[in-house]
Amino acid sequence: MRHNVSVTKKIDTALKELTKALEKHAQIVGLKPVPQKKAGRAAAELRSAAATYANIVEAKTGQTNPFIDFLDAATIASLVHERDELAKRTAAEKAASEGSATQ
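Take a look at the structure:
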């Protein structure tokens with residue numbers, strides 16, 4: 815059971831940092847007018863804290879990133895299609911350059 819306590823401590827610490835970053839971000843973007851530099855820094859801190867939390871959860875529990883479903887199905891499909899098209903284009907360019915190199 816000692817192992818679970820250690821896992822919980824790491825996750826709890828990451829959660830506290832994520833909560834702190836989220837609260838700071840909310841406070842800054844709630845200002846009128848929103849200070850852009852501060853908002854940018856707070857957003858970067860929030861993204862970093864979220865990534866740290868997700869990485870710790872995945873490393874310690876095997877659970878996937880809890881933030882991964884932020885993309886809707888249409889966006890995911892579009893990104894997959896774009897990735898596949900880029901891979902095809904890269905393969906075609908590579909084949910063309912190899913073909914011209916042998917001539």
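With the sequence shown counted from 1, adding 814 to any position gets you our numbering.
The beta carbon of each residue, even a glycine, is placed where N, CA and C say it ideally should be.
Could you tell me which of the options sits nearest to residue i, measuring between CA atoms?
i, options, result
"A835", "K846, G854, Q850 and A901", "G854"
"L832", "N869, D898 and S914", "N869"
Output the distance between the C-alpha atoms of residue i and residue j, rounded to the nearest integer angstrom.
i, j, result
"A910", "L893", "25 Å"
"K838", "D826", "18 Å"
"K830", "T822", "12 Å"
"P880", "A864", "9 Å"
"Q850", "A858", "12 Å"
"K824", "T878", "16 Å"
If you measure from the beta carbon of residue i to each beta carbon in chain D, is any gap under 8 Å?
i, result
"N869", "Any reference to chain D falls outside this structure, which holds one protein chain only."
Is it the case that the stretch 893-909 contacts the stretch 860-876, given that we only count it when at least three CB pairs across the two stretches are under 8 Å?
no
Complete runs of the alpha helix (DSSP H) confined to the stretch 839-882 [at least 4 residues]
850-875
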